Structure formats: C-alpha cells, structure tokens
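> Top to bottom, those sequences are chains A and B.
At position 101 of the first sequence (counting the first as 1) the number is 101 in the numbering used here, and the numbers step up by one without a gap.
Take any residue in the second sequence, note its place counting from 1, add 341, and you have its number in the numbering used here.
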Amino acid sequence: MIRSTSASWGAEAVEPDLRDLITAVTAAHSGGGDQDAVLWATLRELGLSDLTGSQARGGSGASWWEAAELIAALARSASELPVGDSDLVAGWILDTLSTDVVPALRVCWWDDDSARRPDLHPLVERVTVLREDTSGPVVADVAVDEVRARLGSGGWDSSVEWQPLSAEVAELAVVRAALVRAVQVVGAMEAATEIVVEHAATREQFGRPLLRFQAVQALVADLAAETALARAATAAAVAVAVRAGDDLEVLQPAVAVARSCTGHGAAVVARSAHQVVGAIGTTQEHALHRHTGAMLRWRSQAGDTHSADQQVLALALAGASFSDLDLDQPLKPDPSNRRKS
Amino acid sequence: MTTTAHPGIDERALLELRGEVRDFIADQLSRGTFTPRPDAWLTAWSADFSRAMAERGWVGMTLPPEYGGAGRSFLERFVVTEEVLVAGAPVAAHWVSDRQAGPSLLRFGSEELKRELLPRIAAGRCFFAIGMSEPDAGSDLASVRTKATACDDGWVLSGTKVWTTGAHRADHMIVLARTSGRHGDRHQGLSQFIVALDALGIRVSPIVSMNGDHHFNEVLLDDVHVPSGRLLGTEGEGWRQVTSELAFERSGPERFLSVALLVSHLLAAVRRGALSPTAELGRLVARLQALHHMSFAVARTLDAGSPADVPAAMVKTLGTTTEGDLVELAALLTACSTRHDDDLDAALRIATAQLPGFTLRGGTNEILRGIITKGLQP
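1) According to a CB-to-CB cut-off of less than 8 angstroms, which residues of the segment 592–617 of chain B neighbour chain A?
2) If the cut is a Cβ gap below 7 angstroms, which residues of chain A does Met-635 of chain B touch?
3) Give me, in chain order, the residues of the same chain whose beta-carbon lies closer than 6 angstroms to that of Gln-630 of chain B; leave out the 5 immediate sequence neighbours on both sides.
4) Lys-657 of chain B bridges to which residues according to DSSP?
5) Between Met-394 of chain B and chain A, is any beta-carbon pair separated by less than 8 angstroms?
6) Name the chain B residues that come within less than 8 angstroms of Leu-51 of chain A, Cβ to Cβ?
7) Taking CB distances under 8 angstroms as the criterion, tell me whether His-264 of chain A reaches chain B.
8) Taking the CB atoms as reference points, tell me whether Thr-262 of chain A and Ala-182 of chain A lie closer together than 8 angstroms.
9) Tell me which same chain residues have a C-beta within less than 8 angstroms of the C-beta of Asp-85 of chain A, skipping the five on either side of it?
10) Measuring straight from C-alpha to C-alpha, what distance separates Ser-341 of chain A and Glu-352 of chain B?
11) With a threshold of 8 angstroms between beta carbons, is Pro-16 of chain A in contact with chain B?
12) Short check: CB of Gln-217 of chain A to CB of Arg-710 of chain B, under 8 angstroms?
13) For chain A, check one thing: does any of its Cβ atoms lie closer than 8 angstroms to the Cβ of Gln-582 of chain B?
14) According to DSSP, simplified to helix, strand and coil, what is Lys-340 of chain A?
15) By how many angstroms is the C-alpha of Arg-150 of chain A removed from the C-alpha of Glu-669 of chain B?
16) Under a Cβ-count criterion, where at least 16 other Cβ atoms within 10 Å of its own Cβ denotes burial, should Cys-492 of chain B be classed as buried or exposed?
17) Can you list the alpha helix (DSSP H) stretches of 4 or more residues lying completely in the segment 450–531 of chain B, in chain order?
18) Return helix, strand or coil for Phe-597 of chain B, following the three-state DSSP convention.
19) Opposite Cys-108 of chain A in the DSSP bridges: which residues?
20) Along the alpha helix (DSSP H) that carries Phe-637 of chain B, what are the first and last residues, could you check?
21) To which residues of the same chain is Gln-163 of chain A closer than 8 angstroms at the C-beta, ignoring the five residues directly before and after it?
22) For Ala-13 of chain A, I'd like the list of residues in its chain whose CB is within less than 6 angstroms of its CB, leaving aside the five on either flank, ordered along the chain.
23) Counting contacts by CB-CB distance shorter than 8 angstroms, is Glu-590 of chain B in contact with chain A?
24) If you check the beta carbons only, do Ala-188 of chain A and His-289 of chain A fall under 8 angstroms apart?
25) Asp-684 of chain B touches chain A at which residues, Cβ-Cβ below 7 angstroms?
26) Given that Gln-311 of chain A touches chain B, what residues does it touch there, using C-beta distances under 8 angstroms?
27) Just to confirm my understanding: we take Asp-644 of chain B, look at its own chain, exclude 5 residues before and 5 after, and list those with CB closer than 8 angstroms. What are they?
28) Short of 7 angstroms in beta carbon distance, which residues of its chain neighbour Leu-219 of chain A, apart from the five on each side in sequence? Order them along the chain.
29) Name, please, each residue of chain B whose Cβ falls closer than 8 angstroms to the Cβ of Ser-260 of chain A.
30) Give a yes or no on whether 8 angstroms exceeds the smallest Cβ distance from Gly-711 of chain B to chain A.
31) Roughly how many angstroms lie between the CA atoms of Val-175 of chain A and Ala-381 of chain B, to the nearest whole one?
32) Which full runs of the beta strand (DSSP E) of 3+ residues lie inside the segment 418–446 of chain B, going along the chain?
33) Give me the residue from B:Leu-498, B:Ala-388, B:Val-437, B:Gly-716 with the minimum Cα distance to Gly-542 of chain B.
34) Kindly indicate which three-state DSSP category Leu-355 of chain B falls into: helix, strand or coil?
35) Between Thr-202 of chain A and Ala-224 of chain A, how many whole angstroms is the CB-CB distance? I'm expecting something under 8 angstroms.
36) If we ignore side chains and look at the alpha-carbon of each, how far apart do Glu-125 of chain A and Ala-73 of chain A end up?
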C-alpha cells in the first residue's frame, strides 16, 4: 500500500519477473537471525547474491536498480544480511582489480586509526580490507578469521597480500557504501510505516480505530511523508549511480542528500512509529523494533547523518551540482556572481 | 549521461529548456526588470514580466497550439516553474491563469469559452483570480453560500468571496457557487463560473496583510449577471471539477521553493564570512533537493494521467514545513551575525511576513494530513 503511493524507485527499470522473485524470496525468509542462512543460500542459488558483479565473481551484470530493489526488500524483511556491501562495495572494489575473486559474502572494512570495528554478520566469509599505506590506499581480500585475529592481536599477519588501490576507487567505495545504507534505511522505514498504518487502522481505542483520531493522523501522515521523501532522495541517488556510478563528483552530492534525508527521516519514523503502536511495539515479541532498530543503526553506519548535513553544505558552498535544480542563484546581475551554467 | 533514469522522458530536452529559462532570467535581471524576492509567485505582480514569458511560450505552455498554447508537457512546465521560483521572479500576474484557469478551461470549458480565453491566457493578456473561500467557509470549502440563480439569459450571482489573491488586478475570477440545493448539501449542487471582474455589481476591497501589503481581497458579488456561456463545465459538477485539479495545485514547486532565495542569500553570507557554516543549512538544502525529486515524480504521474492525491499532499506538508524551517534558520543566523546585509534582511522580512501562509494556502496541513492518512488506509 505504502509502496504504491511513494515516489518512483525506478522500479520500472527492473524486470517485473525479477521484482516478483526478489519479493517472494525475501518475504519467505523474513525475520533475520537464523533465517539469514537459508536466505543467503537461496540468493546464491538464484544468482541474486552478486547482482551487479562481474562474471568472474559469479555476478549477473545487473545495475544499481536491481541491486537496490534487492537491498530494500531485504531491509523490509528485517534481514541484516550484508548483500549490498558484498556486491556493490567489496565485490565492486575487487572487480576493479585484475585478480581472481572467489564468490563469497563479504563486507568492506576501512582499517584506519579512526575505524570502528567491522560489523561482522555471522555469515560473512571474507572481508575486503582497505587501509592507507605510505604509498597510498591498499586493499586485501582476506578470510574473516584473519580480521578477527587482527582485532585480537593488533596487527596483520605477514602472509596477507596487499595490493595498491587507486585513491578514486577508495573514495568511491565510501560513497557507494553510504548509498547502500540509505537504501536499507528506506526499506526499514517502509516496513515500519506499513506496520503503523495496519495497527492504527485496526486497533480500536475509545470505540474507534486509532486512525480516526486527528492527533494520531498527524503522526501517521508525517511519518509516511518522511518515508516517501527519503525514498525520493535515495531513488534519485540510485538513478545517478546507474548512469554515473564511477563519477565521484556527480555521485557524492546525490548520496549526501540521500543520507541526510534518510538519517533525519529515520528519527521521525522511529519515534512516531513507536508512539502510534504504543507499549506493545516496544516488546521483543513485536516486529516493529526490528525495523526501527535497524534503521537507526544503518543511518549511523558508513557515515552518519550530521556529517551528511555538513557535507551537503560544504558541497553547496563549493558550487557542486546536486541535481538539475540549482538552489544557488545569482542575487544580483553581476557577471562575477553568475555560477556555472 | 547516456542512460536515462526515467524511460520515456527526454531529460536532455528538459535540461535545454532549463538553460533557456536561466538565460532569460539572467537577461531580465541584467536589464533590471525585477528584484528577486521571496514568495514572488504570490506577491510580485508584473504584467510586463508575464508578457515577456508569454512571448517565449512559457505561459499556458501546456495548452494545445490550436488554443494559442505551446503544447508542452507538464514536466516542461515544471522545469519553467522551478526556475522562475528559485530566481524569485515576479510571476504572480499569470500564476493563477497558468496553473489553474488554463487547465480547468481546457478540461471543462465549452469550445466557445476556450477559443475566447485560452489564447489570451497564453499571450499573458488575461489574468485570473480564484473565488473559492468565503467568510464562513475557510478550510470547509464545500460549505459555500454564494448563490447562482438562473435567469433568462444566464445566472445571477450573489455572495462574498475572500482571500482572492490579485482580484484587484485580475481580469476574471473563477467562482464556485451553489446552483441548486441548500447550504449544507455539501458537495452537491455546486457549479463554477467565469466572472469578469469589471462586471456590474462587483466590489473588490483589500484584505491587508499584517505587514501592510495588499495581495488578498474580499470580493462582494451583488446580483452580478453572468451570461449562460460563462458556466464552466457542467452545472452541479463544480465540486468534482475543483477537486480533480487539486493535485496540480498542491504538488507544484511553489510548495517548497517560495523562500528558496534565502538559501542563495545564506550561502553567499557564509562564503564572505558573515555567517558561520551550520549543518542545519545542509539539512535544508538536502530536503529541498529531495522535494524537487518528489515533486517531479508527482508531475510525472499527473502527466501520465494517473491520480497522485496522496503524494501531492505529502509534497505540500513536507515542502511548506521545510520553507518554515528555512525562514527560522535565516532568522536565527542573521540575528547573531555581526555583519549586516540589507538584501538578506529585506528578503527575511518578506519571508517572515509570508511564513504563516505557507502551511495555510491551498489546503492547510491539517486538512492534508487527513487526506494522507485516508489514502494510506488498507
């Protein structure tokens, strides 16, 4: 219901058969946790595990549209299986290198001084590690146990083979990871919105459904609108990734906008959703927390909301182009005040 | 940019059109024909500017060529609208005739009415006001009391309309009036009329805004004779006709770009060191960009002839709230700035006075939230 009324996801770009398949598979194994193992095996079997990947890593050569469709569907099913990171970030980095790649569930990890510990889903097999060497960025694709050892001992085993990575690929990987999170947040927002609408339409208090109370209507309308706005911003960023996924200058502003909108929107949706669903929604047994919890976690991974706001401002001040709409207008007919066309 | 994100849309052509509008604006600006100001689509009336736009084919541009229009799509109109809004250009004169009167006439008007009025609308030589609200009917539009009584060769209208923007300057007003049934029959028995504002029995008096500006009017209709050919559409179908066009009114870029000029002012102030960079400005730029995408998506849906009431209402609640946030940020930042900027102060003064209207006009946010929740129900 919500999905049909939100802004386009670019869904028309995805084959209906593939969309149905994605919906069926993710819905059949929703709930995360132990369902993820079956889900991952099924995705692999169906060729959905590396949608945008090269054939070398068992990929299907699809675009960001198809990948976004899958990532959002997984998020709606409350699965934290990092398929997006595996395909669009770690896998993509490896595709830019001319080495053999074994198909695997991967995450990407930046091992620098400020790095947080990697988020290691139990099914992750390999980690694509990036770090800054004296010569520039380097990368190694290692088994997950090597990372655990590194976190324990504080150093890398000397057997790890580091390869040089172009600075541009390293920077793009950050932006791509940020976009994957935005898509996930949108999926979680949509799932939460659906739960809220269902609850408010059916749960009766004082003799009528909650949705008949104007105060509740205001909460529901606003959270649904935030979800639609987040989707519009993220869909626009995905569209940019489809046509210019390797162009940092074009992709970065669009992704920063998406991260700002999804980040702030998630806060509104999480708070209002719990307010509408009431105490029952705060229990472990209820599905709502899986979505609200996930959206708040995801919005603070691979970047964060406050930094996204700052980045949008910095880019705007530098005269970056965010879309075909330019909000930085000449205020006076002074030629030196004119910006790029 | 070889692949298109939206199949069936010529994005290159839209970008070219955008460039043409920017050149036009830059040219007008350099010739000093206008000073950019916030909320100019409601407050800055310039028949000359409207005619200059009409000469380019940008007024009534979606009307078919046989009626003097340019036969362009709603997406092309969207592009032109965005560009004049962010520039703060004086487009109030043709705003209503371009946004509402033209499309309504095209859809519901008789052949005679279309031949008479549409070419003049597209030429920027015929401006409209809308008479819907009444003293006793604010948000509750269906409770209109203005009465139209049939007479030999037409109708006699009597009643009072309020908040009619630009009625003191416009040529015609579209009036929603009761043609049958009684007050309280709600949506039944209402009809739309095209009333010439220089007709006998019309008295226009200003409703002065709190800052002393005059944009709104009260229009008294005292037994105004309206020829039968001026009935717009079908008798008794007025309510359906009005509501069928509301999505266009609600989802347009004027619902989030009214004060976009403040972004340009604030960015310029940060660049010259008069204001410190604050993340909140980044958040608002991001939101405006997202609203641009969302509003464009609604325009696409409407252009394809599909309904979009819920997303249109969402664009308006989100957009007008964001406009308010932007005015608030500008107020907070300029208050603590040690370096004065007369232009920013002037823009902020206008924006502050207009601010309460953002979430009221075209359907209050409270009404819209009701529409959204109703549309979301399973």
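No residue lacks a Cβ here, since even glycine has one placed at the ideal position from N, Cα and C.
The model shown is predicted, which means the values in this text are computed figures rather than measured ones.
By the coordinates alone:
1) Ala-601, Leu-602, Val-604, Ser-605, His-606, Leu-608, Ala-609, Val-611, Arg-612: these are the residues of the segment 592–617 of chain B whose beta carbon lies less than 8 angstroms from some beta carbon of chain A, given in chain order.
2) The residue labelled residue 635 of chain B in the question sits at position 294 within the second sequence. Chain A residues near Met-635 of chain B: Ala-7, Ala-228, Leu-229, Ala-232.
3) One-based indexing of the second sequence puts residue 630 of chain B at position 289. If we look at Gln-630 of chain B and ignore the five residues flanking it on each side, it has no Cβ neighbours.
4) The residue you call residue 657 of chain B lines up with position 316 of the second sequence. In DSSP, Lys-657 of chain B forms no bridge with anything.
5) Stepping through the second sequence from its first residue, residue 394 of chain B is reached at position 53. For Met-394 of chain B, the answer is no, since every Cβ of chain A falls outside 8 angstroms of its Cβ.
6) Position 51 of the first sequence, counted from the start, is the residue given in the question as residue 51 of chain A. Correct list: empty, because the minimum Cβ distance to chain B is about 17 angstroms.
7) Counting from 1 along the first sequence, the entry for residue 264 of chain A is found at position 264. Closer than 8 angstroms to some Cβ of chain B, the Cβ of His-264 of chain A qualifies, so yes.
8) Within the first sequence, the letter at position 262 stands for residue 262 of chain A. Within the first sequence, the letter at position 182 stands for residue 182 of chain A. Contact flag set, yes.
9) The residue you call residue 85 of chain A lines up with position 85 of the first sequence. Contacts found: Arg-106, Val-107, Cys-108, Ala-177, Val-180.
10) The residue given as residue 341 of chain A occupies position 341 in the first sequence. The residue given as residue 352 of chain B occupies position 11 in the second sequence. With a pLDDT of only 41 at Ser-341 of chain A, under 50, the local geometry of the prediction cannot be trusted, and no value is derived from it.
11) Against the first sequence, residue 16 of chain A aligns to sequence position 16. Not an interface residue.
12) Looking up residue 217 of chain A in the first sequence gives position 217. Looking up residue 710 of chain B in the second sequence gives position 369. Yes, the Cβ-Cβ distance between Gln-217 of chain A and Arg-710 of chain B is below 8 angstroms.
13) Translated into positions along the second sequence, residue 582 of chain B becomes position 241. It does not; no Cβ of chain A falls within 8 angstroms.
14) For the purposes of this step, residue 340 of chain A is taken as residue 340 along the first sequence, with counting starting at 1. Confidence is the limiting factor: at Lys-340 of chain A the pLDDT is only 43, short of 50, which leaves the residue's position unreliable, though a coordinate-based value still follows. In this structure, Lys-340 of chain A counts as coil in the three-state DSSP scheme.
15) In the second sequence, the residue the question calls residue 669 of chain B occupies position 328. In the first sequence, the residue the question calls residue 150 of chain A occupies position 150. C-alpha separation (whole angstroms): 49 angstroms.
16) Here the question's residue 492 of chain B lines up with position 151 in the second sequence. Exposed.
17) 452–463
18) The sequence position of residue 597 of chain B within the second sequence is 256, counting from 1. If DSSP states are grouped into helix, strand and coil, Phe-597 of chain B belongs with coil.
19) To locate residue 108 of chain A, count along the first sequence from 1; it is residue 108. According to DSSP, Cys-108 of chain A bridges with A:Thr-128.
20) Counting from one through the second sequence, the residue named residue 637 of chain B turns up at place 296. Unbroken alpha helix (DSSP H) run through Phe-637 of chain B: 620–644.
21) What you label residue 163 of chain A is simply residue 163 of the first sequence in a count that begins at 1. Around Gln-163 of chain A: Leu-97, Thr-99, Val-138, Val-139, Ala-140.
22) In the first sequence, the residue the question calls residue 13 of chain A occupies position 13. Closer than 6 angstroms at the Cβ level, and outside the excluded window around Ala-13 of chain A, lie Trp-65.
23) What you label residue 590 of chain B is simply residue 249 of the second sequence in a count that begins at 1. Cβ-Cβ to chain A under 8 angstroms: no for Glu-590 of chain B.
24) As a first step, residue 188 of chain A must be located in the first sequence, where it is residue number 188. As a first step, residue 289 of chain A must be located in the first sequence, where it is residue number 289. With contacts defined as CB atoms closer than 8 angstroms, Ala-188 of chain A and His-289 of chain A fail to qualify as a contacting pair.
25) For the purposes of this step, residue 684 of chain B is taken as residue 343 along the second sequence, with counting starting at 1. Chain A residues near Asp-684 of chain B: Leu-331.
26) The count along the first sequence starts at 1 and reaches residue 311 of chain A at position 311. Correct list: Gly-623.
27) The sequence position of residue 644 of chain B within the second sequence is 303, counting from 1. Closer than 8 angstroms at the Cβ level, and outside the excluded window around Asp-644 of chain B, lie Ser-414, Phe-415, Leu-416.
28) Indexing the first sequence from 1 puts residue 219 of chain A at position 219. So the qualifying residues of the chain are Ser-272, Gln-275, Val-276.
29) Residue 260 of chain A sits at position 260 when you count from the first residue of the first sequence. Going along chain B in sequence order, the residues near Ser-260 of chain A (Cβ under 8 angstroms) are Gly-623, Arg-624, Ala-627, Arg-628.
30) For the purposes of this step, residue 711 of chain B is taken as the residue at position 370 of the second sequence. At a cut-off of 8 angstroms between beta carbons, Gly-711 of chain B contacts chain A.
31) Translated into positions along the first sequence, residue 175 of chain A becomes position 175. Translated into positions along the second sequence, residue 381 of chain B becomes position 40. If you take the alpha carbons of Val-175 of chain A and Ala-381 of chain B, they lie about 38 angstroms apart.
32) The DSSP assignment places no complete run of the beta strand (DSSP E) inside the segment 418–446 of chain B (cut-off: 3 residues).
33) For this step, residue 542 of chain B is matched to residue 201 along the second sequence. Minimum Cα distance to Gly-542 of chain B is reached at B:Leu-498.
34) Indexing the second sequence from 1 puts residue 355 of chain B at position 14. In the structure shown, Leu-355 of chain B sits in a helix (DSSP, three-state: H, G or I).
35) For the purposes of this step, residue 202 of chain A is taken as residue 202 along the first sequence, with counting starting at 1. For the purposes of this step, residue 224 of chain A is taken as residue 224 along the first sequence, with counting starting at 1. In fact, because the Cβ distance is near 16 angstroms, the residues do not count as touching under 8 angstroms.
36) Within the first sequence, the letter at position 125 stands for residue 125 of chain A. Within the first sequence, the letter at position 73 stands for residue 73 of chain A. Note on geometry: alpha-carbon atoms of Glu-125 of chain A and Ala-73 of chain A lie some 22 angstroms from one another.
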